[in-house]
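Each number in this note's numbering corresponds to the 1-based position in the sequence shown with 8 added. Backbone N, C-alpha and C fix where the C-beta goes; we use that ideal spot for every residue, glycine too. Fair warning: this is a prediction, and the values are worked out from it, not measured in the lab.
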Amino acid sequence: MNSGSQSFTKRGNAHAISAEAAGLAELGAAAMDGGAPVVRLLDAQKRELRTARLETAGPSASAAEQFGRALAATHAYSQSGHRVFGQCPQGLEESSNIGQAGRIIGAMGEAPLPLVAPGSPSRAWGQFFAEDRILPYLDDAQRNGAIGARGATIIERLCERLKDGEFDAPQPQLVHTEAALLHGDLWSGNIMWATAESAAHAAAGRGLSTSDSRTVGVLIDPACQGGHAESDLAQLTVFNAPFTDRIYAAYNEASPLAEGWRERIGLHTLHILIIHAAIFGGGYGSETVAAARQYL
């Protein structure tokens, strides 16, 4: 990513760029409806996109609480009143991101992300999570040696329990669609803590110019999709986002979470963990297996 005085330019393959551009657009629409602020998309070409430049600032407890309340609104946002698990951001189904068997190809970092078009058949969360968010990455994690045969068996056993619906749970109270609108890759580095002044110019969001905090949490680099809201919240813990407890408390106040949500945090981290195992190998494999073992 190259920086200029007013913008950042990000380059990548065509599928990743078009998926990110569509995600920024849909999250931006949610931001204008009270959701979490999103970096402003300036332009998207086949292999690069430009976003507005943000000035970084130190995170604070008040900014984290503001972000938590706004994230609850993002998850609840829907133009149509319908969203299924794995649904792509609006417009991506009309692009060239169509893979085998008609599946839409998104991206999460360097990894392909299977998505479905709006109006696709509904699936329970556990079935979706096992089939589209864990198992597609297991072969690569085994191939690079991050996950061995015993670990793979543990993950496969957990996926059977997921498919059986043992861990399905309601969405937070404000979410009235089957799947919430997710950022999808919400580790700590994908929340940019920015000055309120720069966010007012460089981010999409309602009321940014009257922020009650000097710092604003702004979403960047999304892997936008329909999913369970608890997945975004869980990903905050993977690389220790600051003030996570304050984000959780404010979110839960704005949109109460289903009973047992804290016990499911480790389960919802499995997607981001197994992608790291598949791409980077090493200790991410044992971390993935250890997280899966907790739920057997």
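- Around the C-beta of arginine 141, 16 or more other C-beta atoms lie within 10 Å, and the residue is accordingly described as buried.
- Rounded to the nearest whole angstrom, the CA to CA distance from glycine 134 to arginine 270 is 17 Å.
- Out of Lys171, Phe175, Gly76, Pro126, the CA that lies nearest to the CA of arginine 254 is found in Gly76.
- Only residues of its own chain outside the window of five on either side were considered, and among them Pro180 have a CB closer than 6 Å to the CB of leucine 265, listed in chain order.
- The Cβ neighbour count for threonine 277, taken over all protein chains shown within 10 Å, is at least 16; the residue is labelled buried.
- For phenylalanine 136, the enclosing alpha helix (DSSP H) covers residues 133-136.
- In the structure shown, valine 297 falls within a helical segment according to DSSP collapsed to helix, strand and coil.
- Beta-bridge annotation (DSSP): arginine 58 is paired with Thr17, Asp51.
- Under the rule that a run must span 4 or more residues, the alpha helix (DSSP H) segments found entirely inside the region 119-180 read 133-136, 146-151, 157-171.
- Under the 10 Å beta carbon count, glutamate 261 is surrounded by fewer than 16 other beta carbons and is classified as exposed.
- The beta carbon of serine 86 lies closer than 8 Å to those of His184, Thr185, Leu189 in the same chain, with the five residues before and after it left out.
- Cβ-Cβ separation between glycine 234 and alanine 202: approximately 27 Å, too far for a contact (criterion under 8 Å).
- Taking the Cα positions, isoleucine 228 is about 7 Å away from methionine 200.
- In this structure, the alpha-carbon of leucine 143 lies about 19 Å from that of glutamate 238.
- A direct Cα-Cα distance of roughly 32 Å separates alanine 300 from glutamate 101.
- Ranking Gly274, Cys232, Leu170, Arg61 by CA distance to the CA of leucine 35 puts Cys232 first.
- Taking one beta carbon from each stretch, the region 115-131 and the region 154-168 have fewer than 3 pairs nearer than 8 Å; the two do not touch.
- In the three-state scheme derived from DSSP, where H, G and I count as helix and E and B as strand, glutamine 302 is classed as coil.
- Taking the C-beta atoms as reference points, glutamine 98 is found no nearer than 9 Å to valine 124.
- With respect to the C-alpha of serine 15, the residue from Tyr292, Ala39, Arg61, Phe93 having the closest C-alpha is Arg61.
- Annotation for threonine 252: the continuous alpha helix (DSSP H) segment containing it runs 252-262.
- According to the DSSP assignment, glutamine 74 belongs to the alpha helix (DSSP H) that extends over 69-84.
- Within 10 angstroms of the beta-carbon of alanine 204 lie 16 or more other beta-carbons, which makes it buried.
- According to the DSSP assignment, isoleucine 25 belongs to no beta strand (DSSP E) but to the alpha helix (DSSP H) extending over 22-39.
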